[in-house]
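Quick note on UniProt numbering: the sequence shown kicks off at 1 and runs consecutively.
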Amino acid sequence: MIREIKITSVAILSLFAVIGCGSDNNHNDKSVQSVVLDNRYYTDMYHWNDSKGLNVTALGRGINMGNYLESPTYEGEWNNNLIIQASDFRNINQTGFSSVRIPVRWSAHTLTNDPNIIDDAFLSRVQEVVDQAIQEDLKVIINTHHFDELFYDDKDFDYQRSRLLKFWDQISKRFPISQYNQDQLIFEFLNEPHEDVGIKEWNSLISDLTNIVWHANSATQNNALGQRKVMVGPADWGGVSKLPYLELPKSSNPDNTIITVHFYEPFQFTHQGASWVDGADTWIGTRWLATESQQKVLIDYLDLIDKWNAEPGHGFEINIGEFGVYSQYSAPEDQRAWTAFITREAEKRGYSWNYWEYSSGFGAYDPYAERWLKGSYLKTQIAIDQSASLYTHTHILSKMLWKCVEK
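Structure follows, in structure tokens:
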């Protein structure tokens with residue numbers, strides 16, 4: 001889950017000093033038990049390296065550009081005034097990724113006198129970022145992120161709902177399929193619907209949103225090759241358990257729709273010590289050793305996805321849009337094993353994935369030193385998710401993703 005967490009450059013550098021060399025002072029008491037994951041999970045088990053997974057999926061292996069365009073008031077607010085640069089996408093491509101997910105908080109960038117209309121300067125900035133990514137041969141997902149007014153404004157839900165529809169009407173017109181083809185740019189309507197956007201409300205919104213993109217704006221979002229691809233996931237924070245309740249319009253099919261889920265199971269492990277989760281401090285010390293029973297819990301979730309996708313009329317590409325471990329308190333070897341297990345099991349099933357995130361407080365890349373973080377053993381590839389412990393992000397995938405080159 002994408003969280004509103006800021007971290008100063010001093011804190012980042014401190015994390016490098018403490019964690020970058022692989023020290024684990026906070027976890028000495030956890031190292032009595034050892035991870036038992038099969039070492040093959042740290043390798044390119046399913047031969048995705050050469051194609052970055054694009055011979056199997058539309059999106060392949062990706063990373064999130066988190067905490068940039070979804071910050072509350074301005075880009076850089078959560079990233080020590082850093083903004084997305086074209087060089088970031090060049091770096092991401094060369095590192096071995098094939099896609100980027102770009103979270104966007106449209107609701108915070110509207111006209112003062114009309115909150116239904118996205119400010120053109122902000123829309124142009126998002127377009128510039130999308131163009132930069134596509135120029136570096138990356139597939140792009142743009143979404144609606146942190147639309148808290150929709151989730152929590154009980155008194156004006158219908159009004160906030162209408163705003164979301166109007167946002168996507170404007171976005172559709174700004175990104176015509178003639179300039180941004182269906183293989184380059186994917187629309188993800190809403191990140192992690194929850195609270196006021198329950199199962200019923202979300203299914204209704206999906207119907208209306210797809211109608212806007214595919215029908216009302218058919219002149220800009222359809223071409224001879226097909227329609228704009230959209231991405232939707234289940235309600236209740238995009239969790240796997242609500243996937244059976246997802247209702248898609250009759251016009252949805254595997255050519256125009258990608259199904260996304262977010263994966264943070266077991267939650268008490270992945271979110272131990274997370275300040276934004278009530279009671280998470282009591283979970284500190286939770287281990288994930290890749291025991292048979294622990295693996296089975298995760299496999300059962302993935303099997304639920306497979307079961308749903310095998311139903312008549314389905315057969316969609318599955319994308320794990322967010323996954324990771326908050327690593328301030330988790331043992332690095334556990335985080336590494338968990339991430340290896342999730343990515344390899346996803347690739348085994350032909351799922352694309354996008355790790356959280358690139359270079360913010362939980363990032364895999366150090367924008368100050370302009371390098372993937374020490375400990376990755378990588379010259380060209382790396383990825384990872386939510387973690388105050390920057391070292392583990394790179395180390396987790398150090399010998400298991402792509403064409404890894406030891407430094």
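Think of the CB as a built atom: it goes at the ideal place given N, C-alpha and C, for glycine as much as any other residue.
DSSP-derived helix/strand/coil call for residue i
| i | result |
| --- | --- |
| N211 | helix |
| E201 | helix |
| T286 | coil |
| P234 | coil |
| V100 | strand |
| Y355 | strand |
| Q328 | coil |
| Q85 | coil |
| D114 | strand |
| N319 | strand |
| E347 | helix |
| N143 | strand |
| D366 | strand |
| E195 | coil |
| G22 | Note that G22 scores a pLDDT of 31, beneath 50, so its modelled location is shaky; the value from the coordinates is reported in the next line. Reduced to three states, the DSSP call for G22 is coil. |
| L190 | coil |
| R161 | helix |
| T43 | coil |
| Q227 | strand |
| R174 | helix |
| N253 | coil |
| V297 | helix |
| T291 | coil |
| R105 | coil |
| V35 | coil |
| W91 | Going by the sequence as given, residue 91 is Asn instead of Trp. Here N91 sits in helix by DSSP. |
| V126 | helix |
| N222 | strand |
| I240 | Note that residue 240 corresponds to Val in the displayed sequence, not to Ile. In this structure, V240 counts as helix in the three-state DSSP scheme. |
| L248 | coil |
| W372 | strand |
Residues near residue i in its chain [Cβ-Cβ closer than 7 Å; skip 5 each side]
| i | result |
| --- | --- |
| D137 | N93 |
| I212 | L165, W168, D169, S172 |
| F122 | H109 |
| H146 | E70, R105 |
| G350 | V56, T57 |
| A337 | V35, L37, W288, A290 |
| Q160 | E149, L150, D153 |
Residue i and residue j closer than 9 Å at C-beta
| i | j | result |
| --- | --- | --- |
| S178 | N116 | no |
| G233 | L246 | yes |
| L69 | I141 | no |
| K52 | R61 | yes |
| F341 | L37 | yes |
| V100 | N354 | yes |
| L205 | L243 | no |
| E370 | W48 | no |
| F175 | Q127 | yes |
| K229 | D158 | no |
| S251 | W288 | no |
| T339 | V325 | yes |
| residue 491 | A290 | Any property of residue 491 remains undetermined from this structure, which presents the chain solely from 1 to 407. |
| N181 | L225 | yes |
8 Å Cβ shell around residue i - same chain, five flanking residues per side excluded
| i | result |
| --- | --- |
| S360 | I7, G66, N67, Y68, W78, N79 |
| E265 | V240, V297, L298, Y301 |
| H262 | M1, E192, G233, W237, G238, G239, I320, G321, E322, F323 |
| M231 | I141, N143, I186, F187, E188, F189, T257, I258, I259, T260, N319, G321 |
| E75 | Y68, L69, I83, I84, R125 |
| T73 | A108 |
| D306 | R349 |
Proximal residues to residue i (C-beta, below 6 Å), its chain only, five neighbours per side dropped
| i | result |
| --- | --- |
| A86 | Q132 |
| S71 | E77, W78 |
| Y329 | Q272, G273, I284 |
| L209 | W168, F189 |
| W202 | P193, A235 |
| N64 | R101, N354, W356, E357 |
| S352 | T57, L59, G60, N319 |
| R163 | N116 |
| S207 | P249 |
Are three or more beta carbon pairs between the stretch 297-310 and the stretch 83-91 nearer than 8 Å?
-> no
At least three beta-carbon pairs within less than 8 Å, the stretch 134-154 to the stretch 192-207 | yes
Mind listing, in chain order, the continuous beta strand (DSSP E) runs of no fewer than 3 residues lying wholly within the stretch 52-82?
-> 61-64
Count the CB pairs spanning the stretch 255-266 and the stretch 312-331 that are closer than 8 Å, and state whether there are at least three.
-> By the criterion of at least three beta-carbon pairs nearer than 8 Å, the stretch 255-266 is in contact with the stretch 312-331.
Report yes or no: do three or more beta-carbon pairs, one from the stretch 265-284 and one from the stretch 215-229, lie closer than 8 Å?
-> no
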